[in-house]
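Visitor: Questions regarding the structure given below will be posed in turn.
In our numbering, the protein residues as written are 1 to 198.
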């Protein structure tokens, strides 16, 4: 039995309530769908971020450029008020090399697999659902699932946290000779003190 708390782990590792995000932040890439309008057999969607949305997402995720972002998705109704979001995203991104700051381009193709459950905003923030899987379901906020934000968060998870340009190698600064010698002989200072006492 899962205890579902009304929060979701964002790409930075911080826990933020999905309702707080909706009410207090402008979502850069929003494609909301009302759950009540989904077909019994499921509904298919194709979404794509426009130039302004890509620019905003690039700023959010610290990218040099996000030249394309699209996804083919399917929303499927499950028992117990659950909804599954599945599909794939594709993106063309440019990041900065962590060593040289040179642009590093990458093509991403990744699965999107999420399960959503009923919101409990009027309660104490927790509900219990029977759910078999690796993670508890995310909240359906105000009867809506935002496919765009789901794709954006999955994109963030797919980004290389340490992008490097070809041939880029991090070199530690060289130590001064005397510093290196002192590190090799930690008793040098004690020896000098003993000589002074004599």
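Every residue gets a Cβ at the ideal spot worked out from N, C-alpha and C, and that includes glycine. Everything numeric in this text was worked out from a predicted model, so none of it was measured.
(1) Just curious, the alpha helix (DSSP H) that residue 112 is in, first and last residue?
(2) Distance, Cα to Cα, residue 147 vs residue 99?
(3) Along the alpha helix (DSSP H) that carries residue 55, what are the first and last residues, could you check?
(4) Assuming residue 46 is part of the beta strand (DSSP E), what are its boundary residues?
(5) Between the stretch 57-68 and the stretch 135-150, can you find at least three pairs of beta-carbon atoms closer than 8 Å?
(6) What are the boundary residues of the beta strand (DSSP E) that includes residue 156?
(7) Could you tell me whether the stretch 68-75 touches the stretch 158-165, where touching means 3 or more Cβ pairs closer than 8 Å?
(8) In angstroms, rounded to a whole number, what distance separates the CA positions of residue 85 and residue 94?
(9) Can you grab the Cα-Cα spacing for the pair residue 41 / residue 168, in whole Å?
(10) State the Cα-Cα distance for the pair residue 166 and residue 38, rounded to the nearest angstrom.
(11) Between which two residues does the beta strand (DSSP E) holding residue 202 run?
(12) With a 10 Å radius around its C-beta and 16 neighbouring C-beta atoms as the bar for buried, classify residue 75 as buried or exposed.
(13) Applying the criterion that 16 or more other CB atoms from any shown protein chain within 10 Å of the CB defines a buried residue, is residue 51 buried or exposed?
(14) Taking 7 Å as the limit between beta carbons, can you name the residues of its chain near residue 28, skipping five residues before and five after?
Guide: So, to answer that:
(1) The continuous stretches of alpha helix (DSSP H) do not include residue 112, which lies in the beta strand (DSSP E) extending over residues 103-118.
(2) Each residue's Cα considered, the two are about 35 Å apart.
(3) 51-61
(4) 43-48
(5) Judged by pairs of C-beta atoms under 8 Å, the stretch 135-150 does not touch the stretch 57-68, as fewer than three such pairs exist.
(6) For residue 156, there is no enclosing beta strand (DSSP E); the residue is found in the alpha helix (DSSP H) stretching over 147-158.
(7) Short answer: they don't touch.
(8) 27 Å
(9) 50 Å
(10) 46 Å
(11) The shown model of the chain, from 1 to 198, leaves out residue 202, and the question about it has no answer.
(12) Flag for residue 75 reads buried.
(13) exposed
(14) 53, 56, 57, 60, 152
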